[in-house]
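In the numbering used here, the protein residues as written are 43 to 318. Note that beta-carbon positions come from the ideal geometry of N, C-alpha and C, so glycine has one too.
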Amino acid sequence: MTGRTALVTGATSGIGLETARALARMGASVVVGARDPVRGAAVVDELVRAGGRAEPLQVDFASLASVRRAADAFIASHERLDVLVNNAGTAVPRRETTADGHERTWQTNYLGHYLLTRLLLPILRRAPSPRIVNVSSEGHRSGRVDWSDLELSKGYGGFRAYGNTKLAQVLFTRELARREPGVLSVALHPGAIGTNIWRALPAHADALVRLILPGAAHGAAPVVRLASDPALPASASGRYFRRFDESTPSASARSDSDAARLWDVSERDVAPFLGG
């Protein structure tokens, strides 16, 4: 990874933080995507003190304007991007709406990353072997595409919403590979990991899950491999991995028509932030 630039979203905790640490140790220049600039600066300071190269990038995926500002800032200060790790995510027990009018989990986990990826594609294409890693989940298997209610205005449930966003990420990866054959794009389930994503559970269940499940470094290992392994073949683009091994995603995640339609719907929803 020496000489390469990697942008990791959600890099101040959990899998994102451990991914940033690992890539920095491998010689990458790591851009720390963080909603909280103070926490982002602290991670950058840690990586630099450990001998790595790092810089902060403030981005809040619950704000499409913030995503656009972050992309503009990155493009203004970098000639290329070698690796984009779309990792930031959330799960909330009750339905919330962002200032953009979208359900929070949908926008944070999927739509905001769709926008960021679209905006950064021109600079990704400049890299000799660009790569996008979308951190999804086996939870995508519970996801369903309901074109009449993608953002669950009815029948909302925290894990239902989460599963839908993870399905959207796998479909996005599939369509991205079709539209951008020069960019290796993969999605993966990093394993069941004890991270902040379990905040949607009741407090006692959250604590129990964190106690039982392995830590974030365990989940980051397959992310780092997909982000950095030069032996990963171009034929892997558009595929889904379960930790280190390629896996067949759900039938819903293998629908080319749904993947194409989701791209078009997402493009419509972020259109005011794509141009200009």
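From the DSSP output, in three-state form, read off residue 129 for me. Residue 129 falls in the coil class under three-state DSSP.
Relative to the C-alpha of residue 173, which residue among 92, 159, 186, 183 is closest? 159
Same chain only: Cβ atoms within 7 Å of residue 308, ignoring 5 sequence neighbours per side: In the same chain as residue 308, and ignoring 5 residues on each side of it, the C-beta atoms closer than 7 Å to its own belong to 153, 156, in chain order.
Whole-angstrom Cβ separation of residue 45 and residue 67, contact assumed at under 8 Å? About 15 Å separates the two Cβ atoms, so there is no contact after all.
When the distance is taken between beta carbons, is residue 204 closer than 8 Å to residue 150? no
With 16 as the cutoff for other CB atoms within 10 Å, does residue 110 come out buried or exposed? buried
Measure from the alpha carbon of residue 119 to the alpha carbon of each residue in 49, 317, 64, then state which is nearest. 49
Once the 5 residues before and after residue 264 are set aside, which same chain residues still bring their CB inside 8 Å of it? 230, 232, 233, 283, 285, 286
Would you list the one or two residues that DSSP bridges to residue 287? 284
Own chain partners of residue 112 with C-beta closer than 6 Å, once the 5 adjacent residues on each side are dropped: 99, 101
Strand pairing of residue 95, partner residues [DSSP]: 71
Nearest neighbour of residue 281, chosen from 227, 266, 306, 305 [CA to CA]: 227
Length of the line joining the Cα atoms of residue 177 and residue 211: 8 Å
Per DSSP, the bridge partner or partners of residue 121: Its beta-bridge partners do not exist; DSSP assigns none.
Contact check, residue 80 vs residue 53, beta carbons under 8 Å: no
Identify the residues that DSSP records as bridge partners of residue 174: which are they? 126, 227
Sequence-distant residues of its chain with Cβ nearer than 6 Å to residue 71 (five each side left out): 47, 95
Below 8 Å on the Cβ atoms is my guess for residue 57 versus residue 117; work out the distance and round it to an integer in Å. Not quite, the Cβ-Cβ distance comes to about 26 Å (not below 8 Å), so this is no contact.
I'd like to confirm the pairing. Which residues does DSSP put opposite residue 47 in its beta bridges? In DSSP, residue 47 forms a bridge with 71.
Sheet register partners of residue 211 (DSSP bridge): For residue 211, which the question treats as bridged, DSSP gives no partner whatsoever.
Going straight from the alpha carbon of residue 51 to that of residue 104, what length do you get? Cα to Cα, residue 51 sits roughly 13 Å from residue 104.
Buried or exposed for residue 130, please, with buried defined as at least 16 other CB atoms from any protein chain shown within 10 angstroms of its CB. buried
DSSP three-state call for residue 139: helix, strand or coil? Strand at residue 139.
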